[in-house]
Amino acid sequence: MAANLPGASQDDNNEIDVFLHDRVSGDITLVSHASSGTSTTGNGRSDDPILSTDGSVVVFTSRATNLLPDPVGGGVQLFLYDRRNRRATLISHAATSPSSGVLGGILGGGHHSVSGDGRWVAFASKADDLIAGQVEANAGGDVFLFDRATGANTLVSHAGFSSTQTGNGPSTAPAISGDGRYIAFESSASDLAAGQTGAGSIFVYDRVAGITTRVSASGGNPLAISADGRQVVFTGGSNVYLWDRVLATTRLVSRSLASPTTPGNGPSSLGTSDNPQVLSADGRWVVFASTATDLVPGQAGGHPGIFLFDRISGTVSQVSAWAGSLTTSQPALSGDGRFVAYGSEAHDLVPGQVDSIGSPDFFRFDREAGTTSLISHVPASAVTTGKALSDATLEGPRLSADGAWSTFASLSPDLVPGDRDGTKDAFLDANLLPGRDFYTVSPCRLIDTRKGPALVSGGRSVLPAHDLCSIPATARAVAANVTVIQPSGAGYLTFHAGDSGPETTSTLTFAAGQLRSNNAIIPLAFDGTGTFAVTPLVAGNGSVHLTVDVSGWFE
C-alpha cells in the first residue's frame, strides 16, 4: 500500500502491491505493475509473493485486471513475473486462452510453489477450465502444474484412470522439488494412486513418470519437500514425520528419547505457514515446534520449543529452551540446515538481552556454533530488542539458503532510523557468516570444456563438483584457478552456486582471443547436488572455452 516506494511512481489502487528488492544494487522494482507501464501499479490487490531460488521469477496472486494487455477477470489469479524482461505471465489461464483468467480463480494464501529455476509452478484452484477436457469430480480445489516453457497447465491431482478428471476429493497445499519433477500435496481423494484404499492424505506426483504415490493416510498441511524430491516432511495428528521416496519408508521426527518409534509426550507441528522453510535442501535436517518434554536429555519446560531432527543420526536437538508460558512463530530453516530463525517472547535467549516486555522478537540459532543471536535488534545494540507495538509483529521470518540473510515484518519503529509510518514494514537483516574450514587438495583439473562444445554467450551451464578432485559432499565452496581459452570476442564469466542466481558471483573478464587466468572462490549448491553454474557473456553472441583447476575446498 506504500505509495512512496521508488519502484512505483503512480500508485492509485490503495491496496497491497508486490515489490522486489535487489540487495546488491539497493533497487526496488514494482512487480505487480500495469501492462501500460512498469511504474504504475495494477488496479487491484497483489499478494502472496514467492521467489524462485535463482531469483529469476516472482510468483504472486492478484485481483488486478490490467497486468496484461488484455483484461484479466475471474477473481484472484496467479501470475509469474520475469525479472529479466519485467513482464507478467498469467499462470491460472483458461485452457482456451493464455490471457483469460479462469472462473473462480485460484486458492490464495500461499497455495503455490515454484521450482528452483522458475520454470515449473504448482498451484491449487477450484476452476474447472484450466485444462482441455477437464472433468470436475469434486467441489473443492485441485492441484495443477504450470510449465513456463510451454505456457500450458496440467492436472496433478487427477484420478488414476484419467489425466483430465480430478480426484474425487479436494487437493491443496502443493510443494514442488527444486528441479520441478516431484510435487507433494494434500488430498482427501480416494482414487489418485494405484491400489489406493481409503481417502487421503499426502501424495507425491512424479511429473516425468506421470505416477502418483501415496505417502501417508493420516498426514496434513503444512508439508515440505527436499530439493531432489526424495524427502517429504509433514504433520500427522500430533506428530511430525519424514518420508523417503527411494526407500519407501516413513520415520517419526518428533520422537521421544525412549525409542525412534515412540512419539514425544506433547504435540509437535511444523507450524502454520503454507510454504514452510522446515526442511533443508538435502532433506537431512527438519525444524519443528513441540510442547513435548522428553525429546532431548535434561529438557525442561512443557511450553512450546523449537527442535532440530537429524535424518542421518536419527537424533533430536533443542534450538530454544525457556520457562514460562511463551510463544514462538513459524520457525525457518536455512537451505544448508545450519541456521534456524524463529520468534519468541523469551527475555533470556541472548546473553545480556535488553527486552521490551510482552513483545515477541526474532532470533537466529547457529547449529554449528551452538549460539543464538537477536535478529530484530535496534541499530545501536545487537542485544536490545525493538519496541514492538503488539504481538501482530510476529510475522515471519524467512532465511536465505546459506542463512546469511533473513527477512521479517514488524511494527517496531526503532529497528532502522526514520521509521515514522506507524505501520508494519518489511526488514532485511544481514548475518555475517564466520569463516569455514579450508582443506587443500593436490592440484586437480575439475572442468575442461575443450573436450566438448564451447560455452555459448548467455547460456547457463550447471557443472558438478562433489566427488570429483577429492571434493566431498560436505563442501560448500571450492578454491580454483579459472582460465579462459579461445574467446571469440570480449566479455566476462560469472560463477555462482548451481541452485541460485548470480547474486553472489566471481567474475573473470577477457578480451577477444585472450588467454587469461584468475583465482576464484566458487560457491556450491546447497541442495545436495554440489554443483556450480557458469554463465558467459561474449560480444557478438560468441563463445568461449574454460578450464577450472581446484586447489582446495571449504566446509
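With the numbering used here applied, the sequence shown corresponds to residues 298 to 852, in that order. Heads up, the beta-carbon is just placed ideally off N, CA and C, and yes, glycines get one too.
Beta carbon of residue i nearer than 8 Å to that of residue j
i: A677; j: L671; result: no
i: L364; j: G339; result: yes
i: T461; j: G437; result: no
i: A629; j: R695; result: yes
i: T737; j: E852; result: no
i: V583; j: F606; result: yes
i: D633; j: S556; result: no
i: D414; j: S487; result: no
i: G561; j: D591; result: yes
i: G402; j: V355; result: no
i: A777; j: V845; result: yes
i: V781; j: R757; result: no
i: S617; j: G602; result: yes
i: G398; j: S410; result: no
i: T494; j: L404; result: no
i: L489; j: G464; result: yes
i: F724; j: S707; result: yes
i: V651; j: T669; result: no
i: P519; j: P573; result: yes
i: R773; j: L821; result: yes
i: V505; j: V512; result: no
i: V775; j: V847; result: yes
i: T358; j: S343; result: yes
Closest residue to residue i among the options (Cα-Cα distance)
i: R360; options: K748, T588, D314 and G323; result: D314
i: S515; options: T669, A772, V530 and R773; result: V530
i: E483; options: A491, A496 and G492; result: A496
i: N728; options: G749, V738, T704 and G402; result: T704
i: E665; options: G700, S641, V675 and P694; result: G700
i: G810; options: A772, A424 and Q783; result: Q783
i: A830; options: V411, Q493, D379 and P761; result: P761
i: F376; options: V593, D663, P346 and T350; result: P346
i: R381; options: V369, D367, K684 and D319; result: D319
i: D426; options: T451, S767 and G837; result: T451
i: G683; options: G667, G640 and W702; result: G640
i: L834; options: Y789, H330 and R813; result: Y789
i: N312; options: D324, S329 and G323; result: Per the sequence presented here, residue 312 reads as Glu, with Asn not at that position. Considering only alpha carbons, the answer is S329.
i: F585; options: V537, T612 and S610; result: V537
i: S498; options: G466, A698, D379 and I403; result: G466
i: D379; options: G402, G372, T362 and G352; result: G352
i: F792; options: R773, V432 and A817; result: A817
i: G611; options: A506, R581, P769 and V759; result: R581
i: R383; options: I325, T828 and S656; result: I325
i: D309; options: S322, G323 and A331; result: A331
i: T681; options: A643, G667, W702 and G370; result: A643
i: I609; options: G533, P594, Q528 and Q627; result: Q528
i: P594; options: L554, R504 and V775; result: L554
i: D764; options: T828, A787 and W702; result: T828
First through last residue of the beta strand (DSSP E) which encompasses residue i
i: I347; result: S343 to L348
i: G602; result: G602 to D607
i: C741; result: F735 to D745
i: Q462; result: Premise fails: Q462 is in no beta strand (DSSP E) and is neither H nor E.
i: T386; result: R384 to L387
i: V356; result: V354 to S359
i: G640; result: F636 to S641
i: H409; result: H409 to V411
i: R548; result: T546 to L549
i: L760; result: S758 to P761
i: D439; result: D439 to D444
i: L364; result: Element bounds for L364: n/a, residue is neither H nor E.
i: T780; result: A774 to I782
i: N435; result: Note, N435: premise wrong, no beta strand (DSSP E); not H, not E.
i: L671; result: T668 to L671
i: S587; result: W582 to S587
is_contact[residue i, chain D] using C-beta, thresh 8 Å
i: T338; result: Given the protein chain composition of this structure (a single chain), no chain D is represented.
Proximity test, residue i beta-carbon vs the ligand ZN heavy atom, cut-off 7 Å
i: A794; result: This structure lacks the ligand ZN, and indeed carries no ligand of any kind.
Q: Identify every run of the alpha helix (DSSP H) within the segment 478-538, keeping only runs that are complete inside it and at least 4 residues long; order them along the chain.
A: none
Q. Of all the beta strand (DSSP E) runs that stay within the bounds of the segment 786-851, which reach a length of 3 or more residues?
A. 788-794, 803-807, 813-820, 828-835 and 840-851
Q) Do the segment 835-848 and the segment 740-759 meet, that is, are 3 or more Cβ pairs less than 8 Å apart? A) Yes, the segment 835-848 touches the segment 740-759.
Q) With a cut-off of 8 Å, do at least 3 Cβ pairs link the segment 436-445 to the segment 418-427? A) A contact exists between the segment 436-445 and the segment 418-427.
Q. Are the segment 515-524 and the segment 470-482 in contact at 8 Å, needing three or more beta carbon pairs?
A. Taking 8 Å as the limit for Cβ pairs, the verdict is that the segment 470-482 does touch the segment 515-524.
Q.
Would the segment 732-743 count as touching the segment 705-717 if we require 3 or more Cβ pairs under 8 Å?
A. no
Q: Please confirm if the segment 455-463 is in contact with the segment 392-402, defined as three or more CB-CB distances below 8 Å between the two stretches.
A: no
Q: Take every Cβ of the segment 539-553, pair it with every Cβ of the segment 565-585, and state whether three or more of those distances are shorter than 8 Å.
A: yes
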